[in-house]
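Asker:
Numbering (the numbering used here), first residue to last: 3 to 323.
Spelled out as structure tokens, the structure:
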């Protein structure tokens, strides 16, 4: 955006003409917005201004082509966020206006915008003071972040209040619920990833109808020689992770596999016996934290014998009992 002060339109167009002469391919696009009349205000970025009696008057400007869309009052954001958005609109409107009369005109523009987005009495947010929450002496850098789905303002407030009252080292982050965009924007929701490898050793060992190409899974491995189980998770494809486990079981005495659970299992219980394992996809989940929680859940319920005990304890910390 640029503002050009000139005595007439011909003088104002000179910079455009000079620039156009240097741009024969017309790659630079211009859009000029001259005042509609000598007394009409000049549109500027976010404001409109005009000269009256040797002084400049200015106020807030929202162009007609700009949609009346902002943070809706019924959104899943906390109330303090909505109040902050409304207060900022009024603050900008006040700073953009040169007199009390123009401040009121700017406030009316903000009123219309907020009413279009569900704020029934928007002026009440202008002077609203949100209560300050004491953080205590704890260093917030040491806090654990806990992501929770947003249900309502009351639930969020009571949850945060309980955490503060108990002085827990937790910072809560409330995430919005499922949006229409999440439901309708997948153009091919029923397509399943298909394995294009003939005689795939992973697909042959999968008990269910899943493909080894699926990503982000919690899986269970069963040793068919003794029916003991192993539970794990991966964000990669099932083929990549399960192929590694298959190598551990097929070559348990290799030095580089000495710390792997399946290698330890076959060295301890089935020395010299060819491996015989099968796979089962327990849950699909792309989110790492949710996947870790699901892994903890299945380890807690299935009590897999092959999993390392220390591994079980470290994973179970994701469970909130």
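Backbone N, C-alpha and C fix where the C-beta goes; we use that ideal spot for every residue, glycine too.
For residue 267 versus residue 242, is the C-beta spacing smaller than 8 Å?
Answerer: Residue numbering aside, residue 267 sits at position 265 when the chain shown is read from its first letter. Residue numbering aside, residue 242 sits at position 240 when the chain shown is read from its first letter. In this structure, residue 242 does not lie closer than 8 Å to residue 267 by Cβ.
Asker: In the DSSP output, what is residue 221 paired with across the bridge?
Answerer: Taking the chain shown and counting its residues from 1, one reaches residue 221 at position 219. Residue 221 is bridged to 234, 283.
Asker: Give the secondary structure of residue 86 by DSSP, where H, G and I count as helix, E and B as strand, and everything else as coil.
Answerer: For the purposes of this step, residue 86 is taken as residue 84 along the chain shown, with counting starting at 1. If DSSP states are grouped into helix, strand and coil, residue 86 belongs with the helices.
Asker: I believe residue 222 touches residue 233 by the beta-carbon criterion, under 8 Å. Please report the beta-carbon distance rounded to the nearest angstrom.
Answerer: Taking the chain shown and counting its residues from 1, one reaches residue 222 at position 220. Taking the chain shown and counting its residues from 1, one reaches residue 233 at position 231. Residue 222 to residue 233, Cβ: 5 Å. Contact.
Asker: Can you name the residues that DSSP bridges to residue 60?
Answerer: Locating residue 60 in the chain shown gives position 58, counting from the first residue. Answer is 51, bridged to residue 60.
Asker: Under the three-state reduction of DSSP, which class applies to residue 26: helix, strand or coil?
Answerer: Within the chain shown, residue 26 is the residue found at index 24, counting from 1. Coil, per DSSP.
Asker: Nearest-angstrom Cα distance between residue 215 and residue 32?
Answerer: As a first step, residue 215 must be located in the chain shown, where it is residue number 213. As a first step, residue 32 must be located in the chain shown, where it is residue number 30. So the alpha carbons of these two residues sit roughly 50 Å apart.
Asker: Exposed or buried, residue 147, counting other C-beta atoms within 10 Å across all chains shown (16 or more means buried)?
Answerer: Taking the chain shown and counting its residues from 1, one reaches residue 147 at position 145. Exposed, because fewer than 16 other Cβ atoms sit within 10 Å of the Cβ of residue 147.
Asker: Count the other CB atoms within 10 Å of the CB of residue 103; is the residue buried (16 or more) or exposed (fewer)?
Answerer: Your numbering for residue 103 matches position 101 in the chain shown. Counting Cβ neighbours within 10 Å, residue 103 comes out exposed, since fewer than 16 surround it.
Asker: Looking at the structure shown, is residue 161 part of a helix, part of a strand, or coil, going by DSSP?
Answerer: Numbered from 1 along the chain shown, position 159 holds the residue referred to as residue 161. Looking at residue 161 - three-state DSSP - the assignment turns out to be helix.
Asker: Mind checking who residue 1 pairs with in its DSSP beta bridge?
Answerer: The question about residue 1 has no answer here: the residues shown for the chain are numbered 3 through 323.
Asker: Give me, in chain order, the residues of the same chain whose beta-carbon lies closer than 6 Å to that of residue 205; leave out the 5 immediate sequence neighbours on both sides.
Answerer: As a first step, residue 205 must be located in the chain shown, where it is residue number 203. The answer, listed in chain order, is 197, 214.
Asker: Identify whether residue 45 lies in helix, strand or coil by the three-state DSSP scheme.
Answerer: Taking the first residue of the chain shown as position 1, residue 45 is located at position 43. Looking at residue 45 - three-state DSSP - the assignment turns out to be strand.
Asker: Are at least three pairs of beta-carbons, each pair with one atom in the segment 147-166 and one in the segment 87-102, less than 8 Å apart?
Answerer: no
Asker: Buried or exposed: where does residue 293 fall if 16 or more other Cβ atoms within 10 Å of its Cβ makes it buried?
Answerer: By 1-based counting over the chain shown, the position of residue 293 is 291. Counting other Cβ atoms within 10 Å of its Cβ, residue 293 reaches 16 or more and is therefore classed as buried.
Asker: Confirm, please, whether the CB-CB distance from residue 127 to residue 85 is below 8 Å.
Answerer: Walking along the chain shown from the start, residue 85 turns up at place 83. Walking along the chain shown from the start, residue 127 turns up at place 125. The answer is yes: Cβ separation under 8 Å.
Asker: Just reading off the alpha helix (DSSP H) that residue 270 is part of, what are its end residues?
Answerer: What you label residue 270 is simply residue 268 of the chain shown in a count that begins at 1. Taken as a continuous stretch (DSSP letters only), the alpha helix (DSSP H) holding residue 270 covers 263-271.
Asker: Looking at the unbroken alpha helix (DSSP H) that takes in residue 245, where does it start and where does it end?
Answerer: Residue numbering aside, residue 245 sits at position 243 when the chain shown is read from its first letter. Unbroken alpha helix (DSSP H) run through residue 245: 240-252.
Asker: Going by other Cβ atoms of all chains shown within 10 Å of its Cβ, with 16 needed for buried, is residue 305 buried or exposed?
Answerer: Sequence index remark: in the chain shown, residue 305 carries index 303 (1-based). Classification for residue 305: exposed.
Asker: Would you call residue 108 buried or exposed, if buried means 16 or more other Cβ atoms sit within 10 Å of its Cβ?
Answerer: What you label residue 108 is simply residue 106 of the chain shown in a count that begins at 1. Residue 108 comes out buried.
Asker: Determine the contact status of residue 179 and residue 287, defining contact as a CB-CB distance below 8 Å.
Answerer: Within the chain shown, residue 179 is the residue found at index 177, counting from 1. Within the chain shown, residue 287 is the residue found at index 285, counting from 1. Against a cut-off of 8 Å, the Cβ pair of residue 287 and residue 179 comes out as no contact.
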